[in-house]
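Chemist: One structure follows; several queries about it will come next.
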Amino acid sequence: MHPGRWILLAGLLGLGPAAGAPLFAGPEGSPPPAAHHWSFEAVRESPIPETRDSRWPLNSIDRFILARLEAEGLTPSPSATRAEWLRRVTLDLTGIPPQPSELDAFINSTDPAAEVRVVDRLLASPRYGERWAQHWLDVVRYADTHGFEVNTERPNAWPYRDYVIRAFSRDTPYGRFVREQLCGDLLGEDAATGFLVTASVLLPGQIGKDEPSIRLARQDSLDEIVVNTGQTFLGLSIGCARCHDHKFDPVSQREYYAMQAFFAGVEYGERDLHDPDSEARRAEAVRVADRIAALQRQITRHVPAARSETNRVCVNGRLNIERFQPVAARRVRFTIRETNSLEPCLDEIEVLDPEDRNVAAASEGTRATSSGDTVVPDRHELRHIHDGRYGNSRSWMSNEKGRGWIVLEFPKEHIVDRVLWGRDREGQFDDRLATDYRVEVAVDGGDWICVADSSDRTRFLAGTTPPDPFSIVAPEAAPTLRERRRLEATAKELDGGQRAFAGLFRAPDTTHMLRRGDPEQPGEEVQPGVPAVLGLCHVPGDANESARRTALAQWLTDPRNPLTGRVWVNRIWQGHFGAGLVPTPSDFGRNGVRPTHPELLDWLAGEFQRSGESTKHLHRLIVLSATYRQSSRGNPVALSRDAESRLLWRFPSRRMEAESLRDAMLSAAGNLNAAMYGPGFDLFDLRGGLSGFKPVESFPVSGLRRMVYAHKVRREPEAVFGAFDCPDAGQSTPRRRESTTPIQALNLFNSTFTAEQSAAFARRIRQEAGDDPTRQVRLAYRIALGREPAPGELADARDAVARLGAEPLCRALFNSSEFLFLP
Amino acid sequence: MTGDPIRLLPPGRHLLDRRRFLSGAATSMGSMALAGLLRGDGLLAADRPPVDPARPFAPRPPRVRPPAKNVIMIFCAGAVSQLETWDYKPELIRHDGKPLAGGPPVTFQGPAGELARPQYPFRPRGETGKWVSDLIPHLAELTDDIAFIHSLTSKSNTHGPAENFLSTGTVLDGFPSLGSWVSYALGSESQDLPAYVAIPDPRGVPQAGANNWGPGFLPAVFQGTPMSASQPIRHLTPPAGISPESDATARHLLQQMNARHLETHPEDGRLEARIASYELAARMQLSVPEILDLSGEPAPVLRAYGADDSRLPLKAAFARNCILARRLVERGVRMVQLFNGAYASGGELNWDGHNKLKEQYDRHGAILDQPAAALIRDLRERGLLEETLVVWCTEFGRMPMFQKGSMGRDHNPDGFTCWLAGAGVKAGVSVGATDELGRKAVENVLSLYDFNATILHLLGLDHEKLTFEHNGIQRRLTNVEGQVIRGVLA
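Which chain is which? The protein sequence lines are A and B, in order. Mind the numbering: the first sequence is residues 100 to 922 in our numbering, read in order. Mind the numbering: the second sequence is residues 8 to 497 in our numbering, read in order.
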């Protein structure tokens, strides 16, 4: 590993050069004028401002906020009630409303540190990681299908989703979180590199066969990685420079391709997940497979011999056994004279000696020759006939329809008594199967002697399922057969360990500048590098694949990188207040919006560093501030000056995200299934595809988990909550829109989901509050809205409950604006 | 570069510019409603025009009365062969069975075969004498009304990305569809129906699915609402088991709750918008079943469209969708996307004729032709064609060669035909041309950016000014490209 070195634009960043690194100061000795932009400059902490009102601030954040309010002639709003604060902070940190018991405990508490205890409890709750992971998954446009052309299932994407949830729960220091997502395969967090391949992608079979299509698809898929990395970590739209120099930011087209070169060896694909559990399972699976193979060879001693006047079972695609009297052989010839279709294909020929050793294996020094081959590289090649690997993708195919031969020549003479062969031992294929064949042996200088052929086998009949090759065995093989069957069941359970769609890494391609972004117009070669305005990330031209990603990860997370920390603290701020101090969270470039409170942003970035890059520390600071504690009510003076509350003269209320809304309904109804992690539950009858998605209307218990665990189908919005501006995972969603549509109203009012959860909610209320309508209404309000009903509200609802039960009330509460919005 | 962020955020400022451009007067009802819808996104920081909560789809007419008010887009999924339809290539008949000199040895699906003559006879039609094939005899009769563009090119030769490109101006997933841009810019004339309706084909959705009518990063209110004559909007009625009394009670309680909540937050436009959304939803519960109910259509109309064709149920189903399209624009829906053909299926369910092109097109042509032609005639007879733009499009074209060993044509993004008719369109013209064998556009080569810029232009929208901020980029339907195709404008 060669960690990249952070070499500074000293003048620009106001810091000395890294130890031992040459000073870099732009091509002409000074930074280009385009470079002057606030976010490219080093984080600079100003003193915490003094405020006229010294009683309101609870912590440093408040002093920054109050100083600006005072400068604008605005005053903070009164505090929210304790109940409002609890509901707000609980929804905000966990995405689920507080339970009435939590509400009572907090309201009645006289502990001066009660708020701190609430926040500690919430941050320690597994519900916190689930909630905040969703924000991150929005940014990286996570989904469980491939998008694009066929939108088929991406069945093993979820280990990355689980990784993100765990990382938030554990409070993984942010720099480490970033590094794990770029090179977690080297850091013991193997699923984390799912980050690299979260985008939609064309799978190999969906790309045109012509070279231009293949090159364009590769470029598109690399572009997604560059865009994702630039936006997510740096808040820079580097992708804009794919076809031309960036119009606003100092990113040249050359620098775009330099960024692309970091990922020139990354492929979209699935691999074995290397976590301890999977490793153990895999090791066990290998042992079991070896044992099964050994048992199988033992059993082959007990099948009827060829040419023994016994009728043998017909051939099958998986495995056929030719047993004969032990005979000396230097060569074995397998001649095919007829197949069930097309050119014959064999995945492996094994020749056993009486001790079950396969003397035909290439590893034994045996050579293979043939009558002629159809070659598909890495799939059908002569060498696969005895390479010890099974399956169609490691097989030999003749170049003649219906015929062909293989000769296996051992390095020396052996006594052999069995030949094992198959078309596809993995059982996927049974075309191209030899149905008429002959097996011969010869010693040096001797003639070929036929030891077995197909004449004593039952004839192969197309369209029938051939019997198991072990269906007729001598009785003494029975215990071995039973043992094999038992181990096969074990093997099925072990299933080779977990796989993860977390990228495949190979030797990097050479990266070229592309004129107008057109892969058909390559220009000069480009080495990995970062935009010069941000410094220098030195990577040797011959750096291997993992060294490239490592270098970029180191550079991104160097404490001196001016963007990474700012972008992150701003995303956290946005998560709490609905808008960041920079309201364009993925654009800190010149086209983005300047921070409302630049000094606060930099103070937070510094405080974040001091805390060891603890995200939970940031949460604590923010939610325990007086700023966060303000009421969300408006006042005409402030409204006329700052309607959006960008200066935070009140808490800006916002609608819950689609996922929180569903989770909150389940929680209120007492139906939320708290099971964590693993493959997503179904929202539709299909897990991928283009159309015909039939939504699940009535969910089984597994479907009542939090929505972050739903199997996320790109482009197909969830039937009820998708309409609430749920991202379709096509492009990054750094900040959710909050639009209001009649479809939302229809979904939330008329869906089966709402009806069922309203009924469950009503049952819960009757169970807990008894038959008295007044008590029922009060409990319903406390569960759904975290407060007691006002007398008028109680009066409105009581009669309805008395007449019809609590169901209509619960349905109305689930649709009410107060339920949907943070207080 | 930005001023005090408190006064006006750049996106807000852009929006105001856009609003002036869109509405002329910043105080019109339309701009107020637009502002109301977008304010929740923090896009408008400064002036707070009062929301008209009853009209979330309020019309936002451009300052200058545009030629077209509405759009019906007939979207033929799977890539219709220009050579079997609108692009007459007599030289291809002469070269039938010969190799294409200098042609690509490998195309999308594999090795290329020999040139193949058009699979249908062509003949001159109408006053203009435009040669059109016998595959589509009814549409062929309308050529005098149509402006053909024969020289279009696409950026992708793969269905999904190419449909993205046609519908959203980029090959990637996740960008706003043309219809979303249009409803974002113009609102709707209908206050009882969504502004933008996508009508999927009875055989299924196209390859890029909901991307074709998705909102991308525009607010969800601007997305296309999928519904067809056979598949209404979901959740129009309460589920079984909820009595009318219970339903009315829940609705009444909800109204009381939301009204009380608004009283305590009188300044919050989002709360008003939510109340309005429930009112519009209630109107849709009546208007949508009504508009989907074709039983009131007279028998001659059903016959003209082929909606009564019992021999060809798919044609009848598509015909019903065509009638629905007319009913929607009649009621002021801004944008209707009418899909013909589903996803890739070896050419069985859409126009992707790789293997048995003639056999499959015989079927697909019969489904498209009479209903689509009847729709245009019907619009004309009702005077709706004067204010409705009809677009016929497909994601790319097909090769003049057959594929090796097959009786079909491979994908060809280098030269294909789409056309426009109706409001603002110069009737009876043909713009651009492919080479004499139909392999590539050679004369007046145009991109789908140009095509989309032209559609926006006909609606009174400047494709360079209709923008929306996303991740630091002022996004447009046409990226940084596109020129209005003047030759098709009346």
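Idealized CB from N, CA, C, for every residue including glycine.
Indicate whether the contact test is met: 3 or more Cβ pairs, each with one atom in the stretch 324-334 of chain A and one in the stretch 659-675 of chain A, closer than 8 angstroms.
Modeler: The stretch 324-334 of chain A vs the stretch 659-675 of chain A: in contact.
Chemist: Below 8 angstroms between beta carbons is the criterion; list the residues of the stretch 245-262 of chain A that meet it against any residue of chain B, in chain order.
Modeler: Those residues of the stretch 245-262 of chain A that come within reach of chain B (Cβ to Cβ, closer than 8 angstroms) are G246, F247, E248, V249, N250.
Chemist: Tell me whether L635 of chain A sits in a helix, a strand or coil according to DSSP, three-state version.
Modeler: For the purposes of this step, residue 635 of chain A is identified with residue 536 of the first sequence, where counting begins at 1. Residue state, collapsed to three classes: strand.
Chemist: Consult DSSP for L908 of chain A and reduce its assignment to one of helix, strand or coil.
Modeler: To locate residue 908 of chain A, count along the first sequence from 1; it is residue 809. Three-state result, L908 of chain A: helix.
Chemist: What separation, rounded to the nearest whole angstrom, lies between the Cα atoms of D369 of chain B and L444 of chain B?
Modeler: For the purposes of this step, residue 369 of chain B is taken as the residue at position 362 of the second sequence. For the purposes of this step, residue 444 of chain B is taken as the residue at position 437 of the second sequence. Roughly 22 angstroms between the two C-alpha positions.
Chemist: What does the alpha-carbon distance come out to for the pair H136 of chain A and A678 of chain A?
Modeler: In the first sequence, counting from the first residue as 1, residue 136 of chain A sits at position 37. In the first sequence, counting from the first residue as 1, residue 678 of chain A sits at position 579. Their Cα atoms are separated by approximately 21 angstroms.
Chemist: The beta strand (DSSP E) spanning N932 of chain A covers which residue range?
Modeler: Past the boundaries of the shown model lies residue 932 of chain A; chain A is included only from 100 to 922, so the question cannot be answered.
Chemist: Can you name the start and end residues of the alpha helix (DSSP H) that L463 of chain B belongs to?
Modeler: Start at 1 with the first residue of the second sequence, and residue 463 of chain B comes out as number 456. First-last of the alpha helix (DSSP H) with L463 of chain B: 455-465.
Chemist: What would DSSP say about C282 of chain A, mapped onto helix, strand or coil?
Modeler: For this step, residue 282 of chain A is matched to residue 183 along the first sequence. Here C282 of chain A sits in helix by DSSP.
Chemist: Using the beta-carbon of each residue, which ones in chain B are nearer than 9 angstroms to L908 of chain A?
Modeler: Taking the first sequence and counting its residues from 1, one reaches residue 908 of chain A at position 809. Within 9 angstroms Cβ-Cβ: T256, A257, L260.
Chemist: Could you check the C-alpha separation between L884 of chain A and F918 of chain A for me, to the nearest Å?
Modeler: Residue 884 of chain A sits at position 785 when you count from the first residue of the first sequence. Residue 918 of chain A sits at position 819 when you count from the first residue of the first sequence. Near 6 angstroms, if we compare the C-alpha coordinates of F918 of chain A and L884 of chain A.
Chemist: Assuming V295 of chain B is part of the alpha helix (DSSP H), what are its boundary residues?
Modeler: Within the second sequence, numbered from 1, the residue matching residue 295 of chain B stands at position 288. Looking at the DSSP string, the run of the alpha helix (DSSP H) that includes V295 of chain B is 276-299.
Chemist: Looking at chain A, is there any beta carbon in it that lies within less than 7 angstroms of the beta carbon of Y456 of chain B?
Modeler: Within the second sequence, the letter at position 449 stands for residue 456 of chain B. Taking Cβ atoms only, chain A never reaches closer than 7 angstroms to Y456 of chain B, which makes this a no.
Chemist: Let me make sure I understand the geometry here. Which of A:F783, A:K591, A:A242, A:D446 has the alpha-carbon closest to that of G802 of chain A?
Modeler: Here the question's residue 802 of chain A lines up with position 703 in the first sequence. Among A:F783, A:K591, A:A242, A:D446, the Cα nearest to that of G802 of chain A belongs to A:F783.
Chemist: Out of curiosity, what's the CA-to-CA distance linking A868 of chain A and L878 of chain A?
Modeler: Here residue 868 of chain A is taken as the residue at index 769 of the first sequence, counted from 1. Here residue 878 of chain A is taken as the residue at index 779 of the first sequence, counted from 1. For A868 of chain A and L878 of chain A, the distance between alpha carbons rounds to 7 angstroms.
Chemist: Could you give the residue range of the alpha helix (DSSP H) that holds W547 of chain A?
Modeler: Reading the first sequence from its first residue, position 448 is the one you call residue 547 of chain A. First-last for W547 of chain A: undefined, no H or E at that position.
Chemist: What are the partner residues of Y536 of chain A, as DSSP defines its beta bridges?
Modeler: Within the first sequence, numbered from 1, the residue matching residue 536 of chain A stands at position 437. A:I435.
Chemist: Any beta-carbon of chain B closer than 7 angstroms to the one on R386 of chain A?
Modeler: As a working note, residue 386 of chain A is residue 287 in the first sequence. By this cut-off, R386 of chain A is not an interface position.
Chemist: Output, in sequence order along the chain, the residues in the stretch 284-317 of chain A whose CB is closer than 9 angstroms to any CB in chain B.
Modeler: Under the 9 angstroms Cβ criterion, the stretch 284-317 of chain A contributes A298, S299, L301, Q305, I306, G307, K308, D309, E310, P311, S312, L315, A316.
Chemist: Could you give the uninterrupted runs of the beta strand (DSSP E) lying entirely in the stretch 306-378 of chain B, keeping only those of 3 residues or more?
Modeler: Runs found: 342-347.
Chemist: CA-CA distance, P946 of chain A and P833 of chain A?
Modeler: Residue 946 of chain A falls outside the range modelled here, since chain A spans only 100 to 922, and no answer is possible.
Chemist: Starting from R47 of chain A, find everything on chain B with Cβ-Cβ shorter than 7 angstroms and list it in chain order.
Modeler: Because chain A is modelled from 100 through 922, residue 47 of chain A falls outside the range shown and cannot be assessed.
Chemist: Please list, in chain order, the residues of the stretch 325-354 of chain B that have any C-beta partner in chain A closer than 9 angstroms.
Modeler: Correct list: A349, Y350, A351.
Chemist: Taking only beta carbons into account, state which residues of the stretch 896-920 of chain A come closer than 7 angstroms to chain B, listed in chain order.
Modeler: Going along the stretch 896-920 of chain A in chain order, one finds A896, A899, L903, E906, P907, L908, R910, A911, N914, S915, S916, E917 with a Cβ nearer than 7 angstroms to chain B.
Chemist: In whole angstroms, give me the CA-to-CA distance for S554 of chain A and A573 of chain A.
Modeler: What you label residue 554 of chain A is simply residue 455 of the first sequence in a count that begins at 1. What you label residue 573 of chain A is simply residue 474 of the first sequence in a count that begins at 1. If I take the Cα positions, the gap works out to 21 angstroms.
Chemist: Flag this pair as yes or no: are the beta carbons of F600 of chain A and E369 of chain A separated by less than 7 angstroms?
Modeler: Locating residue 600 of chain A in the first sequence gives position 501, counting from the first residue. Locating residue 369 of chain A in the first sequence gives position 270, counting from the first residue. Their beta carbons are under 7 angstroms apart, which means F600 of chain A touches E369 of chain A by this criterion.
Chemist: Assign L44 of chain B to one of two classes, buried (16 or more other C-beta atoms within 10 Å of its C-beta) or exposed (fewer than that).
Modeler: Start at 1 with the first residue of the second sequence, and residue 44 of chain B comes out as number 37. In this prediction, L44 of chain B scores a pLDDT of 36, lower than 50, which makes its location untrustworthy; the coordinate-derived value is nonetheless stated afterwards. Burial call: buried.
Chemist: For T474 of chain B, which option in B:R327, B:Q410, B:S250, B:G176 has the closest C-alpha, if you only look at C-alpha atoms?
Modeler: In the second sequence, counting from the first residue as 1, residue 474 of chain B sits at position 467. For T474 of chain B, the nearest C-alpha among the options comes from B:G176.
Chemist: Since T292 of chain A and G283 of chain A should fall inside the 8 angstroms C-beta cutoff, what is the C-beta to C-beta distance between them, to a whole number of angstroms?
Modeler: Taking the first residue of the first sequence as 1, we reach residue 292 of chain A at position 193. Taking the first residue of the first sequence as 1, we reach residue 283 of chain A at position 184. At roughly 5 angstroms, the Cβ-Cβ gap stays under 8 angstroms, so T292 of chain A and G283 of chain A are in contact.
Chemist: Quick check: A232 of chain A and F267 of chain A, are their CB atoms within less than 7 angstroms of each other?
Modeler: Numbered from 1 along the first sequence, position 133 holds the residue referred to as residue 232 of chain A. Numbered from 1 along the first sequence, position 168 holds the residue referred to as residue 267 of chain A. Yes, the Cβ-Cβ distance between A232 of chain A and F267 of chain A is below 7 angstroms.
Chemist: Using the three-state DSSP reduction, which class does S497 of chain A fall into: helix, strand or coil?
Modeler: As a first step, residue 497 of chain A is located in the first sequence; it is residue number 398 there, counting from the start. Here S497 of chain A sits in strand by DSSP.
Chemist: Extract the residue ranges of the alpha helix (DSSP H) inside the stretch 376-437 of chain B, only unbroken runs of 4 or more that lie entirely within it.
Modeler: With a minimum length of 4 residues, no continuous alpha helix (DSSP H) run stays inside the stretch 376-437 of chain B.
Chemist: For R240 of chain A, tell me which candidate among B:S140, B:D180, B:T160 has the shortest Cα-Cα distance.
Modeler: For the purposes of this step, residue 240 of chain A is taken as the residue at position 141 of the first sequence. Nearest option by C-alpha distance: B:D180.
Chemist: Can you grab the Cα-Cα spacing for the pair M291 of chain B / D895 of chain A, in whole Å?
Modeler: Position 284 of the second sequence, counting from 1, holds the residue named residue 291 of chain B. Position 796 of the first sequence, counting from 1, holds the residue named residue 895 of chain A. Near 27 angstroms, if we compare the C-alpha coordinates of D895 of chain A and M291 of chain B.
Chemist: Would you mind stating whether S190 of chain B and F229 of chain B have Cβ atoms separated by less than 7 angstroms?
Modeler: Translated into positions along the second sequence, residue 190 of chain B becomes position 183. Translated into positions along the second sequence, residue 229 of chain B becomes position 222. Yes, they are a contact pair.
Chemist: Here's a check: name, in chain order, each residue in its chain whose Cβ is nearer than 8 angstroms to the Cβ of S145 of chain A, leaving out the five neighbours to either side.
Modeler: To locate residue 145 of chain A, count along the first sequence from 1; it is residue 46. So the qualifying residues of the chain are E698, D701, W702.
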